[in-house]
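In our numbering, the protein residues as written are 1 to 290.
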Amino acid sequence: MFSRFSSLALAISIVASVFVSTQANAFGNDRLSIGGFLSQGYIHTSGNNFLGNTLDGSFDFTEAGLNLHYQAHERASISVQLLHRDVGDFEYNGDNLALDYGFAGFSLLTMETIEVGLKLGRVKVPLGLYNETRDVPSTKPGVLLPLIMYSEYDRNNQLALNGGSLDTQFRSRFGDFRINFTRGKMQLSHKELITGITGDTYYPGKIDQQMNSILNLIYFSPDGSLRLSSTLIDTTTHFYYYIDSVPNFLYEFFAGYKHFSRVQSVAWYRQNWAWVFEYAQTDIEENTYM
Numbered sequence: 001m002f003s004r005f006s007s008l009a010l011a012i013s014i015v016a017s018v019f020v021s022t023q024a025n026a027f028g029n030d031r032l033s034i035g036g037f038l039s040q041g042y043i044h045t046s047g048n049n050f051l052g053n054t055l056d057g058s059f060d061f062t063e064a065g066l067n068l069h070y071q072a073h074e075r076a077s078i079s080v081q082l083l084h085r086d087v088g089d090f091e092y093n094g095d096n097l098a099l100d101y102g103f104a105g106f107s108l109l110t111m112e113t114i115e116v117g118l119k120l121g122r123v124k125v126p127l128g129l130y131n132e133t134r135d136v137p138s139t140k141p142g143v144l145l146p147l148i149m150y151s152e153y154d155r156n157n158q159l160a161l162n163g164g165s166l167d168t169q170f171r172s173r174f175g176d177f178r179i180n181f182t183r184g185k186m187q188l189s190h191k192e193l194i195t196g197i198t199g200d201t202y203y204p205g206k207i208d209q210q211m212n213s214i215l216n217l218i219y220f221s222p223d224g225s226l227r228l229s230s231t232l233i234d235t236t237t238h239f240y241y242y243i244d245s246v247p248n249f250l251y252e253f254f255a256g257y258k259h260f261s262r263v264q265s266v267a268w269y270r271q272n273w274a275w276v277f278e279y280a281q282t283d284i285e286e287n288t289y290m
């Protein structure tokens, strides 16, 4: 047990990143912004493998993204990011660019003390302090985010949902408040969902995804030194098991997994230090029948 955790403490991690951002004035359109990033990491562990074969050192830690933002109207915009990601030995690492997120944003109300916006498409999930910006390496407080909260194995599920979000922000002399409600379906592939539920990539079965609901509350102090966040997540997944031994009978057993998660986060910034605390608790209800 000691060697497993001590090896993480002795891990050597190096990340080199390049970031590019520009206004597309060269194309005759100042409403279009184009950005991108390239990150190459190296991980070496002393006692156990971590996100792949790292005992001998591994460069399997590559992320490259291209993002575009188009201000179609004073109150409407389109944002898209394409991502190439090759991290560890995950079977679902892609060789091509994939849609990381893509949504149309609408400004419903803009006043001095309140703003209300709506996003439709593949929208980011407001989870904890770093999830909405975890796709950009420069926003991370370290090489890797804490895996117990921001899992690399479940990254696609955590980053974005196919659906919509309603975001409301209030400004006052006591600080800024944000309320976000997001609802949609996970963007994971069938293989990723099977692996996440059963732990076996090749487990026979079929997934029926249900709608997920997420409520996120954030407070920012007037001087920016304190940030509080609370997230409530309600998800339901149905899994149908294949029974090969029964001819012409595809789904013998049904399992419904209902997750209710609570994530509490506190960040306190003082000079060159940031003190961060995040706590998550998940209640799982399983219903299985024939």
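Ideal placement from N, C-alpha and C gives every residue a C-beta, glycine not left out.
Hey, how far is the Cα of V266 from the Cα of S230? So the two alpha carbons sit approximately 9 Å from each other.
Can you give the Cα-Cα distance for K119 and L166, rounded to whole angstroms? It is roughly 7 Å from the alpha-carbon of K119 to the alpha-carbon of L166.
Spatial neighbours of E132 within its chain, please: CB distance less than 8 Å, with the 5 preceding and 5 following residues excluded, ordered by chain position. So the qualifying residues of the chain are K124, V125 and P126.
Quick check on the DSSP output: the alpha helix (DSSP H) that includes N212 runs from which residue to which? Counting along the chain, N212 falls outside any alpha helix (DSSP H), though it belongs to the beta strand (DSSP E) covering N212 to F220.
Hey, how far is the Cα of V136 from the Cα of I34? Those two C-alpha atoms are separated by around 14 Å.
Buried or exposed by the 16-neighbour rule on C-beta atoms within 10 Å, applied to L147: Looking at its Cβ environment, which holds fewer than 16 other Cβ atoms inside 10 Å, L147 is exposed.
Per-residue DSSP class, three states only, for P75: One detail in the question is off: residue 75 reads as Arg in this sequence, not Pro. Coil.
For a quick check, are the C-beta atoms of M211 and G163 less than 9 Å apart? A Cβ-Cβ contact shorter than 9 Å links M211 with G163.
Cutoff 7 Å; reference G36; Cβ partners in own chain excluding five residues on either side: Only residues of its own chain outside the window of five on either side were considered, and among them V20, G65, L66 and N67 have a CB closer than 7 Å to the CB of G36, listed in chain order.
Quick check on DSSP: helix, strand or coil for Q271? Note: Q271 maps to coil in three-state DSSP.
Could you tell me how far apart the beta carbons of S39 and E74 are, in whole angstroms, since I believe they sit closer than 8 Å? The Cβ separation is near 34 Å, so there is no contact.
Starting from L166, follow the beta strand (DSSP E) in both directions and report where the run begins and ends. Element bounds for L166: A160 to S172.
I need the boundaries of the beta strand (DSSP E) containing Y101, first residue and last residue. DSSP places Y101 in the uninterrupted beta strand (DSSP E) bounded by A98 to T110.
How many whole angstroms separate the CB atoms of A76 and G105, which I take to be in contact at a CB cut-off of 8 Å? The C-beta distance from A76 to G105 rounds to 7 Å, short enough to meet the 8 Å contact threshold.
Just to confirm, are G102 and Q81 a CB contact at a threshold of 9 Å? Contact: yes.
Whole angstroms is fine: what's the gap from S79's alpha carbon to G41's? Looking at the two C-alpha atoms, the distance is approximately 27 Å.
DSSP-derived helix/strand/coil call for T294: Nothing about residue 294 can be reported from this structure: the residues present for the chain run from 1 to 290 only.
Please state whether the Cβ-Cβ distance between Y219 and L228 is less than 9 Å. Yes, they are a contact pair.
Using the C-alpha atoms, what's the distance from L226 back to A274? Using only the alpha carbons, I get a separation of about 10 Å.
Pull up the CB-CB distance for V116 and T182, whole angstroms please, since I reckon it's below 8 Å. Not confirmed; about 14 Å, so no contact.
Can you give me the Cβ contacts of N248 inside the same chain, cut-off strictly under 7 Å, excluding the 5 residues immediately before and after it? Residue placement at N248 cannot be trusted, given a pLDDT of 49 that sits under 50; the coordinates are not used to answer.
Residues in its own chain within less than 6 Å of R85 by CB, not counting five upstream and five downstream? Only E63 meet the Cβ criterion.
Residue of A72, G88 and D30 minimising C-alpha distance to L55: Out of A72, G88 and D30, G88 has the C-alpha closest to the C-alpha of L55.
Can you tell which of R270, M149, I214 and D100 has its C-alpha closest to the C-alpha of F260? Closest by alpha carbon: I214.
Buried or exposed for E285, going by 16 or more other Cβ atoms inside 10 Å? Exposed is the label assigned to E285, since fewer than 16 other Cβ atoms lie within 10 Å of its Cβ.
How would you call T113, buried or exposed, if buried means at least 16 neighbouring beta carbons within 10 angstroms? Exposed is the label assigned to T113, since fewer than 16 other Cβ atoms lie within 10 Å of its Cβ.
8 Å contact criterion, which M186 and N216 should meet: CB distance rounded: The pair is not a contact, with the Cβ atoms about 17 Å apart (cut-off 8 Å).
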